[in-house]
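S.K.:
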Amino acid sequence: MPESARSLFRPPFRNYQFDLAYDEMFEGPGLPRPHYQALFQTLLELPPEEMRKSQQAADLSFLHQGITFTVYGNDEGTERVFPNDLLPRIIPNQEWRKIESGLTQRIAALNLFLDDVYHGGRILADGIVPRELVYSCKHFRREMRNLTVPRGIYVSICGTDLVRLPDGSFAVLEDNLRVPSGVSYMLANRKVLKKVFPTLFRDYGVCPVDHYAQALLATLRALSPHSSSRHEPTVVLLTPGVFNSAYFEHTFLAQQMGIELVEGRDLLVHDNVVYMRTTAGLKRVDVIYRRVDDDFLDPLCFRRDSSLGVPGLFNAYRAGSVVLANAVGTGVADDKAVYAYVPAIIRYYLGEEPILPNVETYLLSDKSQRNYVLENLSELVVKAVGESGGYGMLIGPHSTAEQREEFRLRILAEPRNYIAQPTLSLSRAPCFLEGEAQARHVDLRPYILYGENVTLVPGGLTRVALRRGSLVVNSSQGGGSKDTWVLRA
Amino acid sequence: MLSRVADSLYWMSRYLERAEHTARLIDVDLQLRLDQSPEAGSGRWRRLLESLQAPHPEDGVIDATTLTHILTLDKTNSSSIISCVAAARENLRQVREQCSTEMWEQLNRLYLQVNSTTASEAWLLHSYVFFRAVREGAHLFQGVTDSTMSHGEGWQYIQLGRFVERTDAVARLIGAYFSRLPYSHDHSLDQAVESEEYLEWVGLLKSCAAFEAYCKKYTAELRPLRVAEFLLLNPEFPHSVRFSVDKVHGALQAIAELTERKAEQPVRLAGRLRATLSFSQIDEVMASGASTYVESVRQQCGQAHTAIHQIYFDYPVEAELAF
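In order, the protein sequence lines correspond to chains A and B.
Counting in the working numbering, the first sequence runs without a single skipped number right up to 603 at its last residue.
Counting in the working numbering, the second sequence runs without a single skipped number right up to 354 at its last residue.
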């Protein structure tokens, strides 16, 4: 870490520190950015005791509401409250507009890519994306070839992780095109913040996010195979069940949308039609917003040991009588090695320059890049291509020699399975910790919906690496979140 | 409504009712204990265990502290208060999107409170506070449910669960009392009980939250026959068997209507039981034996439960697809 400059603020900023990372709130010591000025003033005037009380009240309300997530591989009580930080992250409208157009462009291109990969494979024939890269991808589904999905939309719900680099520009860190989660925390954070800073919130003119559930429902309905007929399509949310880490979110979204939350055992397939078992008999299902991974969807087609899925579901899907959102096999486009080609994918299908850049990425299947990475493991971040949630990662500067050796061997054994990126200095934002404001690294996950058209609710989930100095924001790795305010003007 | 959801709501409600019932029974017992010699209380313990269908200790020695622990905070006993509250919460957690946010928060709060209670707080120091918290938590949940949830199908399953459980529990309690009558046989059932037995009968009424309501109807003069009549056949008191069966029947009728199912079996079973209770005379009941009578009530209630399960929760799919 570079030499930190100590600022000369009054409380709660007395110990606020800067480093090379972009600071979301301050241009320099003692100098808040214009859009943070009002929050800065409020915090100077607010007794720390008040903030602490608000934080306690917020924590308690999260606990009582059961806004928890499950940590895997941890024996003591599986439920944990998702830590929430009270200081909002503020994004000026102009910056947001650029993010919005960049993400709209990206989801359009990625959907065209998926459609192409599962049909003609033009982009592979033209040598833009290497054929073997796609076919060796763990999430490539042969079963999806030549299957037409409604409106040609494979990814209708997407959560893209953005980071802000030291020069203040946003870059895409990864696309989550399978079953992205976290949107319920965005909505819960907003609810809490409106209680804690009502006046500030009103005076700031913050774009609302509460219509997310309605937009999601509209997106799902737009995919229905029977939307033209008289009856309203029956949409359900398929959850792996109460032990899934995002179960709270599944219940929350189902409730907000007013649709049934089903588990695999509630559904059955007969003559390629999907039914749910209700007290009034069997009811036909048209669209399934599934929060179950491809592997577990249908034991007849994918993993046989899955008890979460529905036997025969994939055949019904192939027959077109039911829609799955997202489609099966979208993971091929958020594979971390394919990610490196997304700028080329955008240029290929849209003939446009990418609005949001990628982060520099080394492909370890390439010999010269691999050699460079292996020589510089202590500087780089290494990620497994098919993983998410912060699992299977090596952060060079924070690693031990044994960990590096372990990854070196893993990379040599399966180079296709890993990529490397420079250790990014994610931007930092003030968080209220230990009774004062402290700078912590943050990222941003906006949620993109693609049905009849592309919809983004302004903002998204700002995730925070709560441990001092940590760069990992994932909830499973000690991360938290804060509300994100996109300003109306 | 999904069958699994209906099943969860039903059981959630049963478990919560069970926790409340157990809390009341133990609380009443601990209160009575203060007024009695240790010997007088031990017979009641046996009855308590019987009415809760809890296992008797193997060595036959009944130690109040151990027993209270087994029935309240022992997680290995599936019918302890803590297990029941946890099971109720787990059931509701699986159908969270079906209940109102307020309901979930209330039940979750009760769970967190019970879970953070230590043995010393629970009954050695502040037993009154603990048991009241459980009862109040359950009452609050019912109130919140009634005023924040649509009184549609889901609500009816909650009603159903509560009153099926209550019918069974109160009937069992009455059975346990009348099978081991604490008074001598030359004493008529229609006379005021003697002073040394007075507390036992107060205990029975209080275990059903019925003491005050009984006094309003019959004055504070306790006669076993009247106590039995009140707890079994009173149509207005919410913890009487008849009242509970009325509610079970009502909920089943509503569900049959809402689901538009030809579900004659559960409605018929509950309706028959309702009729029996409506037209029973207490002296006839006592003449044929109170224990026999409540046993038959419980059996019919159990049949209704099975029928509900077969029609709404776990029906054979083949028959449905044939339509």
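Glycine included, each C-beta is placed from N, C-alpha and C at the ideal position.
(1) Check the Cβ of A:Met390 against every Cβ in chain B and list those closer than 8 Å, keeping chain order.
(2) Return helix, strand or coil for B:Cys332, following the three-state DSSP convention.
(3) Taking only the alpha-carbon atoms, compute the straight-line gap between B:Asp38 and B:His340 and give it to the nearest angstrom.
(4) Assign B:Leu40 to one of three DSSP states: helix, strand, or coil.
(5) Should A:Lys497 go down as buried or exposed, given a rule of 16 or more other Cβ atoms within 10 Å for buried?
(6) Check the Cβ-Cβ distances between A:Ala368 and every residue of chain B, and say whether any is below 8 Å.
(7) Which residues share a DSSP beta bridge with A:Phe546?
(8) Would a C-beta distance cut-off of 8 Å place B:Arg257 and B:Leu308 closer than the cut-off?
(9) Just reading off the alpha helix (DSSP H) that B:Asp177 is part of, what are its end residues?
(10) Consult DSSP for A:Met139 and reduce its assignment to one of helix, strand or coil.
(11) Which runs of the alpha helix (DSSP H), 4 residues or longer, sit entirely within the segment 186-260 of chain B?
(12) Between the beta-carbon of B:Ser327 and the beta-carbon of B:Leu264, is there less than 8 Å?
(13) Looking only at C-alpha atoms, which of A:Leu558, A:Asp597, A:Val293 sits nearest to A:Lys308?
(14) Answer yes or no: does any C-beta atom of chain B fall closer than 8 Å to that of A:Gly296?
(15) Within the same chain, show all residues whose beta-carbon is closer than 7 Å to that of A:Leu375, passing over the 5 residues directly before and after it, in chain order.
(16) Counting only Cβ pairs nearer than 8 Å, list the residues of chain A close to B:Tyr343.
(17) Span of the alpha helix (DSSP H) holding B:Arg140?
(18) Compute the Euclidean distance between the alpha carbons of B:Arg203 and B:His100, then round it to the nearest angstrom.
(19) When DSSP labels each residue in this structure, what does A:Phe254 get in the three-state scheme?
(20) By how many angstroms is the C-alpha of B:Gln144 removed from the C-alpha of B:Ser44?
(21) Could you tell me the boundaries of the alpha helix (DSSP H) in which A:Thr156 lies?
(22) By the criterion of Cβ-Cβ separation under 7 Å, what are the contact partners of B:Glu291 in chain A?
(23) Rounding to the nearest angstrom, what Cα-Cα distance links A:Cys60 and A:Gly574 in this structure?
(24) Check whether the segment 147-164 of chain A and the segment 197-212 of chain A are in contact - that is, three or more C-beta pairs closer than 8 Å.
(25) Kindly confirm or deny that the segment 256-276 of chain A and the segment 451-469 of chain A touch, where touching means at least three C-beta pairs closer than 8 Å.
(26) Under 8 Å, with one C-beta from each stretch per pair, do the segment 294-301 of chain A and the segment 219-235 of chain A reach the 3-pair mark?
(27) Are the Cβ atoms of A:Ala223 and A:Ile402 separated by less than 8 Å?
(28) Considering only the alpha carbon of each residue, which of A:Pro322, A:Met507, A:Ala534 lies closest to A:Leu570?
(29) Are the Cβ atoms of B:Ala118 and B:Tyr46 separated by less than 8 Å?
(30) Would you tell me roughly how many angstroms separate the C-alpha atoms of A:Arg91 and A:Pro143, rounded to the nearest one?
(31) Taking Cβ to Cβ, would you say A:Arg292 is nearer than 8 Å to A:Gly445?
(32) Cβ closer than 7 Å: which chain B residues qualify as neighbours of A:Asp380?
(33) For a contact defined as C-beta to C-beta under 8 Å, what are the partners of B:Arg140 on chain A?
(34) Return the residue from the list A:Asp400, A:Phe254, A:Tyr318 that minimises the CA-CA distance to A:Ala447.
(35) DSSP has B:Gln62 in a bridge; who is on the other side?
(36) Determine whether the Cβ of A:His555 lies closer than 8 Å to any Cβ atom of chain B.
M.R.: In terms of the structure at hand:
(1) Reading the first sequence from its first residue, position 276 is the one you call residue 390 of chain A. Those within 8 Å of A:Met390 in chain B are Leu33.
(2) The residue given as residue 332 of chain B occupies position 301 in the second sequence. Note: B:Cys332 maps to helix in three-state DSSP.
(3) Within the second sequence, residue 38 of chain B is the residue found at index 7, counting from 1. Within the second sequence, residue 340 of chain B is the residue found at index 309, counting from 1. Cα to Cα, the separation comes out at about 8 Å.
(4) Looking up residue 40 of chain B in the second sequence gives position 9. When DSSP states are grouped into helix, strand and coil, B:Leu40 belongs to the helix group.
(5) Here residue 497 of chain A refers to the residue found at position 383 when the first sequence is read from its first residue. Looking at its Cβ environment, which holds 16 or more other Cβ atoms inside 10 Å, A:Lys497 is buried.
(6) What you label residue 368 of chain A is simply residue 254 of the first sequence in a count that begins at 1. So, interface residue.
(7) Reading the first sequence from its first residue, position 432 is the one you call residue 546 of chain A. According to DSSP, which records beta bridges pairwise, A:Phe546 is partnered with A:Ala551.
(8) Start at 1 with the first residue of the second sequence, and residue 257 of chain B comes out as number 226. Start at 1 with the first residue of the second sequence, and residue 308 of chain B comes out as number 277. Result no, Cβ atoms of B:Arg257 and B:Leu308 do not sit closer than 8 Å.
(9) The residue you call residue 177 of chain B lines up with position 146 of the second sequence. Per DSSP, B:Asp177 belongs to the alpha helix (DSSP H) from 158-179.
(10) In the first sequence, the residue the question calls residue 139 of chain A occupies position 25. In the structure shown, A:Met139 sits in coil (DSSP, three-state: anything other than H, G, I, E or B).
(11) As far as the segment 186-260 of chain B is concerned, its whole alpha helix (DSSP H) runs of at least 4 residues are 226-238, 242-249.
(12) As a first step, residue 327 of chain B must be located in the second sequence, where it is residue number 296. As a first step, residue 264 of chain B must be located in the second sequence, where it is residue number 233. In this structure, B:Ser327 keeps its C-beta atom at 8 Å or more from the C-beta atom of B:Leu264.
(13) Walking along the first sequence from the start, residue 308 of chain A turns up at place 194. Cα-wise, what sits closest to A:Lys308 is A:Asp597.
(14) Residue 296 of chain A sits at position 182 when you count from the first residue of the first sequence. At least 8 Å separates the CB of A:Gly296 from every CB of chain B.
(15) Here residue 375 of chain A refers to the residue found at position 261 of the first sequence. Hits under 7 Å: Leu351, Thr353, His364, Thr365, Ala368.
(16) The sequence position of residue 343 of chain B within the second sequence is 312, counting from 1. In chain order: Thr393.
(17) Translated into the one-based positions of the second sequence, residue 140 of chain B becomes position 109. DSSP places B:Arg140 inside the alpha helix (DSSP H), whose first and last residues are 132-146.
(18) Here the question's residue 203 of chain B lines up with position 172 in the second sequence. Here the question's residue 100 of chain B lines up with position 69 in the second sequence. Going from the Cα of B:Arg203 to the Cα of B:His100 covers about 22 Å.
(19) Here residue 254 of chain A refers to the residue found at position 140 of the first sequence. Note: A:Phe254 maps to coil in three-state DSSP.
(20) Here residue 44 of chain B corresponds to residue number 13 of the second sequence, with the count starting at 1. Here residue 144 of chain B corresponds to residue number 113 of the second sequence, with the count starting at 1. Roughly 19 Å between the two C-alpha positions.
(21) Here residue 156 of chain A is taken as the residue at index 42 of the first sequence, counted from 1. From DSSP, the alpha helix (DSSP H) with A:Thr156 extends over 151-159.
(22) On the second sequence, position 260 is the one that residue 291 of chain B refers to. Contact annotation for B:Glu291 against chain A: Ala394 [CB-CB distance below 7 Å, chain order].
(23) For chain A, the structure presents residues 115 to 603; residue 60 of chain A sits outside this window and is missing.
(24) Yes, since at least three Cβ pairs between the segment 147-164 of chain A and the segment 197-212 of chain A fall closer than 8 Å, the two stretches touch.
(25) Contact fails: fewer than three Cβ-Cβ distances are below 8 Å.
(26) The segment 294-301 of chain A makes no contact with the segment 219-235 of chain A; the number of CB pairs closer than 8 Å stays below 3.
(27) Residue mapping note: residue 223 of chain A aligns to position 109 of the first sequence, counting from 1. Residue mapping note: residue 402 of chain A aligns to position 288 of the first sequence, counting from 1. It is not a contact, given that the beta carbons lie outside the stated cut-off.
(28) Here the question's residue 570 of chain A lines up with position 456 in the first sequence. Across the set A:Pro322, A:Met507, A:Ala534, the C-alpha of A:Pro322 shows the shortest separation from the C-alpha of A:Leu570.
(29) In the second sequence, residue 118 of chain B corresponds to position 87, counting from 1. In the second sequence, residue 46 of chain B corresponds to position 15, counting from 1. The beta carbons of B:Ala118 and B:Tyr46 sit closer together than 8 Å.
(30) The requested residue 91 of chain A is not part of the displayed model; chain A covers only 115 to 603.
(31) The residue labelled residue 292 of chain A in the question sits at position 178 within the first sequence. The residue labelled residue 445 of chain A in the question sits at position 331 within the first sequence. Cβ distance < 8 Å, so A:Arg292 and A:Gly445 count as in contact.
(32) Counting from one through the first sequence, the residue named residue 380 of chain A turns up at place 266. Ordered by position in chain B, the residues that pass the 7 Å Cβ test against A:Asp380 are Leu33, Arg35.
(33) The residue given as residue 140 of chain B occupies position 109 in the second sequence. For a Cβ distance threshold of 8 Å, residue set His178 of chain A lies close to B:Arg140, ordered along the chain.
(34) To locate residue 447 of chain A, count along the first sequence from 1; it is residue 333. It is A:Phe254 whose Cα lies nearest to the Cα of A:Ala447.
(35) Taking the second sequence and counting its residues from 1, the one referred to as residue 62 of chain B is at position 31. B:Gln62 pairs with nothing; no bridge assigned.
(36) Taking the first residue of the first sequence as position 1, residue 555 of chain A is located at position 441. False, the Cβ-Cβ gap to chain B never drops below 8 Å.
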